[in-house]
Each structure stands twice: as structure tokens, then as C-alpha cells.
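One gets the numbering used here by counting positions in the sequence shown from 1 and adding 39 to each.
A short write-up of the structure that comes next.
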Amino acid sequence: MQTIWCSVLYSRVRYLFLDDTQWYKILLFAEEAGLPYTIKPVNISKGEQFDPAYLRISPNNRIPALLDHAPASGDGPISIFESGAILLYLAEKTGQFIASDLRGRVEVLQWLFWQMGNLGPMAGQNHHFVHYAPEKVPYATDRYLNETNRLYAVLNKRLADRRFLAGDAYTIADMASYPWVLPERQSQNIDDFPNVKRWKAEIAARPATIRAYEKGKAVNTAAVVTKKSMKVLFGQTSASAAQPRTRGKR
Ligand SMILES: N[C@@H](CCC(=O)N[C@@H](CS)C(=O)NCC(=O)O)C(=O)O
């Protein structure tokens with residue numbers, strides 16, 4: 040067993056951010072695989088993702104990131120950013136939640152990347168324009184609500200004759216998508232997607248899922264987006280990336 044350090048957003052304080060979807064992917068894996076881990080909070084609404092120390096781990100100033108203190112290569116700690124890369128790393132490290140045969144592996148990888156390139160970004164923009172944008176932009180709202188709606192249908196079709204996204208086994212492809220299927224928040228009627236509803240309920244009932252969300256919620260206690268945190272999160276330009284600021288300077 041290895042110790043895993045997982046950076047997450049921190050919202051115990053007043054400036055909070057609602058989107059905790061990305062790092063639950065990693066908690067789901069750690070709980071399923073029984074990996075020991077520590078959650079290291081990064082308060083993204085205060086700009087802690089721009090701390091130089093964190094940027095060395097996650098140069099895109101996003102959460103989650105992971106530090107494996109004892110990788111299989113035995114040559115010292117290794118850090119990884121991007122949730123899909125982290126899931127794949129952990130699956131390869133443990134030999135769990137990914138198929139070992141070529142075809143099975145392709146099934147897992149294509150649905151893992153489907154989430155990373157489609158459900159995540161489109162539902163993320165849905166959240167942004169529906170819940171955070173200071174003015175209503177009907178074109179953008181419609182675009183991302185419709186895309187989310189289309190992606191739910193793709194998921195529903197895929198799950199029509201499969202228990203999980205890659206077949207009979209629960210894999211990292213499911214762990215990536217599960218936290219992103221939030222029908223109420225995404226203005227979707229789950230009853231229109233019965234296979235997604237069944238899949239979501241089955242994963243929700245897994246003991247590891249229950250544990251992951253309990254542990255996550257203990258860190259991420261409440262969620263409020265303030266004007267100040269919106270500026271930090273949604274006002275980023277090349278200057279933010281070029282001139283990382285230190286904690287407390289924002
Ligand atoms: N593609 C990235 C997306 C990560 C992401 O968007 N994380 C958000 C939190 S859910 C974040 O760190 N936001 C901080 C910021 O915008 O500065 C991944 O899957 O890891």
C-alpha cells in the first residue's frame with residue numbers, strides 16, 4: 040500500500056466553491072481500492088491554486104492533483120495533475136478498475152476520455168452559465184443545457200445493454216462520469232434517462248462511494264460563491280498563469 044496525497048479545493052471558510060465534482064473521482068478510486076490517502080485542501084476560491092508550490096504539482100492551476108509518495112518505480116515521489124491521468128495512473132499502479140486485455144482496455148479508455156473531453160467540459164459550462172454567470176446569456180445557456188442533454192442520451196444509450204460504461208465491471212470510466220451526472224443541478228430530468236438513473240443509483244449505493252462522499256463532504260462543508268471568489272475563479276487570464284501570486288495576496 041502507498042500513501043497518496045490528494046489536493047482538493049477547500050471550502051470550510053466563507054469563500055466557497057460549489058464545483059467539487061473533479062476530485063470525487065479520485066476519492067472514489069482510493070476508497071474502492073483501499074488506498075491510504077490524505078486530503079490536502081487547496082482553497083481555490085482564495086487563489087491557493089496559484090501558490091508556487093502547488094503550481095509545481097499542477098501547472099494548470101486546477102484541482103485535483105495527486106502525489107504518490109511511493110511509486111512502483113521506487114525512485115521517489117511522483118506527482119500527477121488532470122483527473123483522467125490520475126485515474127489511469129492509479130488503475131495501472133494497482134491493476135484495478137481497468138481491463139488488462141486490449142479490447143477491454145480500449146472500452147475503458149474511450150469512455151474515460153469521453154468524460155474528460157465531453158461530459159466534464161460541457162456540464163461545467165452548463166454550471167457556469169446557469170449558476171454563476173452574472174448576466175443571463177440565453178445562447179450560451181441553451182448551448183450547454185442542450186449539450187448536457189445530448190450527452191445524457193449518449194450515456195443512456197451506452198448503458199442500455201451494459202451494467203457499467205465499459206461492460207460488466209465497474210471501472211475508472213464510471214468513476215470519472217459518476218460525479219458529473221447531477222441532473223437537478225444540470226437541469227435534466229433523470230426519468231428521461233432510465234439507464235443512467237439505474238447506473239447512478241447502483242454506484243451511489245456502493246460502500247466505497249458512500250465513504251468517499253462522507254469524507255469529501257467533511258472537507259467541503261458548505262458552498263457559497265461570493266463576488267470575490269468569482270473574480271478569482273472566473274477572471275483568470277494569461278496574467279494569472281504568468282504571475283502566480285502567493286497565498287493571501289489576492
Ligand atoms: N480537466 C481538469 C479540470 C479540473 C478543474 O476544472 N478543477 C476546478 C475545480 S472543479 C479547479 O481547480 N478550478 C480552479 C480554478 O479555476 O482556478 C481535471 O479533470 O482535472
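Yeah, the Cβ is synthetic: ideal placement off N, Cα and C, and Gly gets one too.
This structure is a prediction, so every number in the text was calculated from the model and none was measured.
What do you reckon, are the CB atoms on residue i and residue j nearer than 8 Å?
i, j, result
"Val169", "Ser226", "yes"
"Phe120", "Ile96", "yes"
"Leu204", "Trp150", "yes"
"Gln154", "Pro103", "no"
"Arg101", "His166", "no"
"Lys64", "Ser122", "yes"
"Tyr171", "Phe273", "yes"
"Glu71", "Ala247", "yes"
"Leu66", "Gly206", "no"
"Leu190", "Met214", "no"
Leaving out five residues on either side along the sequence, give the residues of the same chain with a beta carbon under 7 Å from the beta carbon of residue i.
i, result
"Gly287", "The pLDDT assigned to Gly287 is 46, lower than 50, so where the model puts this residue is not dependable, and the model offers no usable value."
"Asn188", "Gln227"
"Ile211", "Phe68, Leu126, Leu127, Ala130, Phe136, Ile137, Val147 and Leu151"
"Ile229", "Pro222, Val235 and Lys236"
"Asn157", "Leu190"
"Thr180", "Phe168 and Val169"
"Leu141", "none"
Use the C-beta contact count for residue i: other C-beta atoms within 10 angstroms, 16 or more gives buried, fewer gives exposed.
i, result
"Glu253", "exposed"
"Glu131", "exposed"
"Pro218", "buried"
"Gly159", "buried"
"Ala111", "exposed"
"Leu194", "buried"
"Tyr209", "buried"
"Lys239", "buried"
"Ser216", "buried"
"Ser268", "buried"
"Ala280", "exposed"
"Ile249", "exposed"
"Ala251", "buried"
"Val176", "exposed"
"Val220", "buried"
"Val145", "exposed"
To which residues of the same chain is residue i closer than 6 Å at the C-beta, ignoring the five residues directly before and after it?
i, result
"Pro116", "Leu106 and His108"
"Thr133", "Ala72"
"Gln275", "none"
"Phe232", "Tyr191 and Asn195"
"Gln164", "Tyr183"
"Glu174", "none"
"Lys270", "none"
"Asn185", "none"
With a CB to CB cut of under 8 Å and the five nearest residues on each side skipped, what residues in its chain are close to residue i?
i, result
"Ser139", "none"
"Tyr178", "none"
"Ile242", "Tyr209, Asp213, Tyr217 and Thr248"
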